[in-house]
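The sequence shown: position 163 = 163 (full-length UniProt numbering), numbered continuously. Beta carbons are placed, not taken as given, at the ideal position from N, Cα and C, and that holds for glycine.
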Amino acid sequence: IGRTDIVKHQIITGSAKPIKQPPRRLPLAKRDVACQAVDKMLKDGVIEPSTSPWSSPVVLVAKKNGNLRFCVDYRKLNDATIKDSYPLPRIDDTLDALGGSQWFSTLDLKSGYWQVAMDPADKEKTAFSIGGGLWHFRVMPFGLCNAPATFERLMDHVLAGLPWNICLVYLDDIIVHGRTFSEQLENLRKVFACLRKANLKLSPEKCNLFRREVKYLGHIISFEICKRGNHRTDILESSDTTESLSRKVCRNRYLLVVMDYFSKWPEAYALQNQEAKTVATVIVNEFVCRFGVPLELHSDQGTNFESAVFQEMCSLLVYERPDPEVVESYSTYVRELQENLQVTHDFARKYIDQSFESMRKRYDVDSSACIFNEGDQVWLYNPRKKKGRSVKLMRPWEGPKLAKMNQHEKEQRSTYQTW
């Protein structure tokens, strides 16, 4: 693993007191994995023994391949950290800058965060324990709220002399592009020189050089098209049909026009048919992948683009309602009933908080004060909150206490106050 000295990660907590959390219990099978991970990090110089007053618990998260990933839960430390506002590049701007290129190479830094050293004054804040010792990180660990900002600042500094028509970077993912093979080769030499100067190391098994089509930031990029990866759009694909689709002898019969009414330009796409699968593929690959999910969808040909499914897709990127193999053909009456039911549910969710507040006010109007006599035993309602403790486990009542009459009440002979 490389180690750069250009930047060091700081954890600015201001006047916050050290946060100490007890280690969480791990199953015996997972405890061996955690101990092996700690031993490997000690051997690689990633961590070192600590006497820090800070401590965060360890969690083991399952990977896609079934293995376990060693993670530290820094949520409470992040709550006490002053946030860094250094921006990350917009993914849509990054993809637009690749237009016109025919050759692509993707580079991935080997354990990118671990190639950034921690500030010596803040190492102790990264301390963690698995129940048999205390360690802290010598390098920037995963899970810190300001780690992405620090790493993006580092990469912008390392590749500061290279414009967007040579390479683009998003955290530890770098893409080098060029219009010709010779231009791509020269651009790669410039990027390698910058990384070598900063002492940053790449992961060879994750690098793809001189490709016509590459995967980058969840998108498949080539000279002809930029589309989202299949893992993002599988749920939007229509189910398999029981019979083969008929092929059209003539050319395109339909024309789909997608227009952003906040700007002045439309885009037109030729369609062979108006089937849902064809329209959804064009909308996702040609529009959503480039500009994001639209707020609304409108059509001048009827309600086929204004269904509840499309409206859900405008608010959520993925619509996860199961799609039956056989779609029933509802009558107009049944469809109106379903739409009215959906509107009623939306109305109830929207005004439920307002209803709760109205009920509370009506209860307060009917309630009356209770008058106590001197010497009565009473309970005092005092809902004080203590930091770090759940409200559900705290007692909001104190007592029993004796009711006493103050001097003013003795003179007025009216009301009483509890102490």
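Going by alpha carbons, who is nearest to residue i out of the options?
| i | options | result |
| --- | --- | --- |
| residue 97 | 345, 382, 165, 334 | 165 |
| residue 84 | 376, 146, 62, 67 | 146 |
| residue 4 | 118, 388, 344 | 118 |
| residue 371 | 403, 121, 47 | 403 |
| residue 32 | 349, 139, 186, 68 | 68 |
| residue 105 | 269, 175, 281 | 175 |
| residue 99 | 156, 273, 290 | 290 |
| residue 41 | 8, 137, 347, 18 | 137 |
| residue 18 | 81, 37, 43, 224 | 81 |
| residue 157 | 356, 6, 219, 122 | 6 |
| residue 292 | 387, 154, 95 | 95 |
| residue 14 | 25, 341, 26, 79 | 79 |
| residue 222 | 101, 281, 193, 276 | 101 |
| residue 12 | 150, 342, 286 | 150 |
| residue 204 | 406, 173, 270 | 173 |
| residue 224 | 389, 286, 363 | 286 |
| residue 386 | 380, 350, 394 | 394 |
| residue 388 | 28, 75, 216 | 75 |
| residue 92 | 361, 274, 216 | 216 |
| residue 133 | 342, 24, 193, 391 | 24 |
Near residue i, which residues of its chain fall below 8 Å by C-beta distance, leaving aside the five closest residues on each side in sequence?
| i | result |
| --- | --- |
| residue 202 | 107, 108, 109, 110, 195 |
| residue 103 | 177, 178, 179, 180, 181, 183, 184, 210, 211, 212 |
| residue 345 | none |
| residue 428 | Outside the shown range of the chain, which is 1 to 419, sits residue 428, and nothing can be said about it. |
Using a 10 Å radius around the Cβ and a threshold of 16 neighbouring Cβ atoms, would you call residue i buried or exposed?
| i | result |
| --- | --- |
| residue 152 | buried |
| residue 243 | Confidence at residue 243 is low in this model, with a pLDDT of 44, below 50, so the placement of that residue should be treated as unreliable; the coordinate-derived value is given next. Exposed. |
| residue 124 | buried |
| residue 358 | exposed |
| residue 199 | exposed |
| residue 141 | buried |
| residue 144 | buried |
| residue 214 | buried |
| residue 187 | buried |
| residue 353 | exposed |
| residue 288 | buried |
| residue 356 | exposed |
| residue 347 | exposed |
| residue 122 | buried |
| residue 28 | exposed |
| residue 341 | exposed |
| residue 343 | exposed |
| residue 154 | buried |
| residue 58 | buried |
| residue 391 | exposed |
| residue 197 | exposed |
| residue 448 | One cannot answer for residue 448 here, as it falls past the ends of the chain, which runs 1 to 419. |
With the cut-off set at 7 Å, would you say residue i and residue j are in Cβ contact?
| i | j | result |
| --- | --- | --- |
| residue 49 | residue 135 | yes |
| residue 77 | residue 30 | no |
| residue 191 | residue 207 | no |
| residue 396 | residue 377 | no |
| residue 160 | residue 52 | no |
| residue 398 | residue 382 | yes |
| residue 72 | residue 55 | no |
| residue 9 | residue 116 | yes |
| residue 38 | residue 139 | no |
| residue 62 | residue 130 | no |
| residue 271 | residue 281 | no |
Tell me which same chain residues have a C-beta within less than 7 Å of the C-beta of residue i, skipping the five on either side of it?
| i | result |
| --- | --- |
| residue 148 | 88, 171 |
| residue 1 | 44, 110, 111, 114, 115, 201 |
| residue 20 | 53, 54, 55 |
| residue 327 | Interpretation of residue 327 is limited by its pLDDT of 48, a score under 50 that renders its predicted location unreliable; the figure taken from the coordinates is listed afterwards. Result list for residue 327: empty, nothing under 7 Å. |
Considering only heavy atoms of the ligand HEM, does any lie closer than 6 Å to the CB of residue i?
| i | result |
| --- | --- |
| residue 111 | This structure lacks the ligand HEM; in fact it carries no ligand of any kind. |
Identify, in the order they occur along the chain, each residue of the same chain with its Cβ nearer than 6 Å to the Cβ of residue i, setting aside the five sequence neighbours on each side.
| i | result |
| --- | --- |
| residue 324 | A caution first: residue 324 carries a pLDDT of 47, below 50, which makes its placement in the model unreliable, though a value can still be read off. Correct list: empty, nothing qualifies. |
| residue 337 | none |
May I have a chain-ordered list of the alpha helix (DSSP H) segments no shorter than 4 residues that lie completely inside the region 35-87?
Runs of the alpha helix (DSSP H) inside the region 35-87: 75-79.
Entirely enclosed alpha helix (DSSP H) segments - the region 160-207, minimum 4 residues
Secondary structure in the region 160-207: the alpha helix (DSSP H) runs of 4 residues or longer, each lying completely within the stretch, are 181-197 in chain order.
Can you give, in chain order, each stretch of the beta strand (DSSP E) that sits fully within the region 1-32 and has at least 3 residues?
Assignment of beta strand (DSSP E) within the region 1-32, counting only whole runs of 3 or more residues, yields 4-9 in chain order.
Uninterrupted beta strand (DSSP E) stretches inside the region 98-143 (no shorter than 3 residues)
If we require 3 residues or more, the beta strand (DSSP E) runs fully inside the region 98-143 come out as 103-108, 116-118, 135-137.
What ranges does the beta strand (DSSP E) occupy inside the region 355-404, keeping only unbroken runs of at least 3 residues that lie completely in it?
Correct list: 377-381, 397-404.
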